[in-house]
């Protein structure tokens with residue numbers, strides 16, 4: 002079911018405040034805690050405005066995107082909405098639904114506060130349309146330390162071959178599900194981490210910018226390795242959300258889970274302390290990034306209030322308040338590590354030095370149509386294991402939705 006969505010208004014609810022409806026899919030857990038932190042900063046920075054929570058729960062954002070699409074079609078946009086930074090915004094930009102924020106980037110000093118590579122990823126035909134609130138890392142392998150220790154695994158694998166050997170050790174030790182996995186986008190994340198290991202960052206980026214052929218023999222080999230990897234996962238993966246897979250990890254029924262680093266905040270919030278983390282084996286010094294960002298829709302009822310919200314989102318104070326609670330890290334590189342848990346401090350260091358690659362299921366690498374095509378192809382593969390069919394479908398999706406040569 003969809004949550005009730007409050008409509009924004011520029012009417013004065015009292016004390017001269019004007020409502021700013023902020024539309025997100027952050028309704029639970031660490032995401033809601035992060036939003037609450039950001040709202041606290043907004044209330045301090047923008048006392049003339051009143052925050053209105055337009056969150057729509059469920060579906061890892063898919064429910065919210067459906068509601069949002071309907072509202073935009075009806076010319077009833079919220080004052081601002083959450084969207085993944087990068088290629089996912091291209092749909093809104095092509096439909097002329099977003100205002101250019103380039104002048105605000107200069108005015109608020111964001112052009113210097115965000116890394117050059119991120120600015121380049123956000124820029125479309127010389128314009129910037131969103132303000133990222135954070136950076137998440139997608140290619141993180143989480144582990145249950147006790148389960149690993151019982152199987153005699155004392156250090157993190159750094160290669161795919163080493164990882165397969167550890168998965169075999171776990172099976173031999175009686176762990177029925179060495180690698181917990183969910184459905185939909187969680188499977189895409191696992192496949193992309195494996196692709197990074199097989200291709201390296203440059204060729205991986207080429208999958209999205211047209212430089213790497215999806216029909217190549219290296220992709221065939223990667224899909225075969227992915228098929229092998231699925232044999233170590235739970236057979237009911239297509240019925241699991243990522244939190245169901247996480248519960249297997251917490252309960253000691255699984256040793257590993259590939260998931261974005263929002264898992265750190267979720268595990269901490271649930272009081273589970275016996276976890277470890279490492280970059281997915283073979284990814285080396287690669288940081289697969291995604292970012293939640295906010296935009297100024299054309300036709301927003303309270304554009305001035307939205308700009309105040311966006312300024313808070315991009316500020317050092319706002320980014321610290323949001324990310325300390327959400328489990329992500331600031332997009333800005335000038336925010337200190339004080340107050341951040343151990344995982345986030347490590348990630349903040351990596352963000353400054355690692356090679357950055359984007360994520361398709363989280364919108365930094367590809368637009369929504371491409372995401373949907375890849376998701377359908379991988380869902381079918383999870384059921385039938387047809388390597389040739391998956392590769393054909395992935396190549397067809399790139400031809401339809403990717404850059405035209």
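Numbering (our numbering), first residue to last: 2 to 406. Cβ coordinates follow ideal geometry from the N, Cα and C atoms, glycine included. Being a predicted model, the structure only gives us computed values, none of them experimental.
Proximity of residue 242 and residue 328 at Cβ, strictly below 9 Å: The residue given as residue 242 occupies position 241 in the chain shown. The residue given as residue 328 occupies position 327 in the chain shown. Result no, Cβ atoms of residue 242 and residue 328 do not sit closer than 9 Å.
Under the three-state DSSP convention, the category residue 332 falls into: Stepping through the chain shown from its first residue, residue 332 is reached at position 331. Secondary structure of residue 332 (DSSP, three-state): coil.
For residue 84, the first and last residue of its enclosing beta strand (DSSP E): Translated into the one-based positions of the chain shown, residue 84 becomes position 83. Its beta strand (DSSP E) spans residues 81-85.
Buried or exposed (CB count within 10 angstroms, at least 16 for buried), residue 253: To locate residue 253, count along the chain shown from 1; it is residue 252. Exposed.
Span separating the alpha-carbon of residue 196 from that of residue 77: Along the chain shown, one-based indexing puts residue 196 at 195. Along the chain shown, one-based indexing puts residue 77 at 76. Rounded to whole angstroms, residue 196 to residue 77 spans 40 Å at the Cα level.
Same chain only: Cβ atoms within 7 Å of residue 322, ignoring 5 sequence neighbours per side: One-based indexing of the chain shown puts residue 322 at position 321. Correct list, in chain order: 38, 39, 41, 42.
One or two residues paired with residue 257 in a DSSP bridge: What you label residue 257 is simply residue 256 of the chain shown in a count that begins at 1. The partner list for residue 257 (beta bridge, DSSP) reads 144, 180.
Buried or exposed by the 16-neighbour rule on C-beta atoms within 10 Å, applied to residue 289: Position 288 of the chain shown, counting from 1, holds the residue named residue 289. Buried is the call here.
Coil, strand or helix - residue 403 by DSSP: Start at 1 with the first residue of the chain shown, and residue 403 comes out as number 402. In the structure shown, residue 403 sits in coil (DSSP, three-state: anything other than H, G, I, E or B).
Pair within 9 Å by beta-carbon distance, residue 258 and residue 246: Sequence index remark: in the chain shown, residue 258 carries index 257 (1-based). Sequence index remark: in the chain shown, residue 246 carries index 245 (1-based). Contact: yes.
Buried/exposed call for residue 15, threshold 16 Cβ in 10 Å: Within the chain shown, numbered from 1, the residue matching residue 15 stands at position 14. Because residue 15 sits at a pLDDT of 40, beneath the cut-off of 50, its placement in the model cannot be relied upon, and the point is left open.
Same chain only: Cβ atoms within 7 Å of residue 18, ignoring 5 sequence neighbours per side: Position 17 of the chain shown holds residue 18. Shown here for residue 18: same chain residues with a beta carbon closer than 7 Å to its own, the five before and five after excluded, namely 49, 50, 51 in chain order.
Residues bridged to residue 276 [DSSP beta-bridge criterion]: As a first step, residue 276 must be located in the chain shown, where it is residue number 275. According to DSSP, which records beta bridges pairwise, residue 276 is partnered with 145.
Endpoints, alpha helix (DSSP H) assigned at residue 165: Counting from 1 along the chain shown, the entry for residue 165 is found at position 164. Taken as a continuous stretch (DSSP letters only), the alpha helix (DSSP H) holding residue 165 covers 161-173.
Assigned secondary structure, residue 342 (DSSP; H/G/I helix, E/B strand, else coil): As a working note, residue 342 is residue 341 in the chain shown. Reduced to three states, the DSSP call for residue 342 is coil.
Straight-line gap, residue 276 to residue 160 (C-alpha atoms, nearest Å): On the chain shown, position 275 is the one that residue 276 refers to. On the chain shown, position 159 is the one that residue 160 refers to. Taking the straight line from one Cα to the other gives about 20 Å.
Cβ-based burial, residue 324 [other Cβ within 10 Å; buried from 16]: To locate residue 324, count along the chain shown from 1; it is residue 323. Classification for residue 324: buried.
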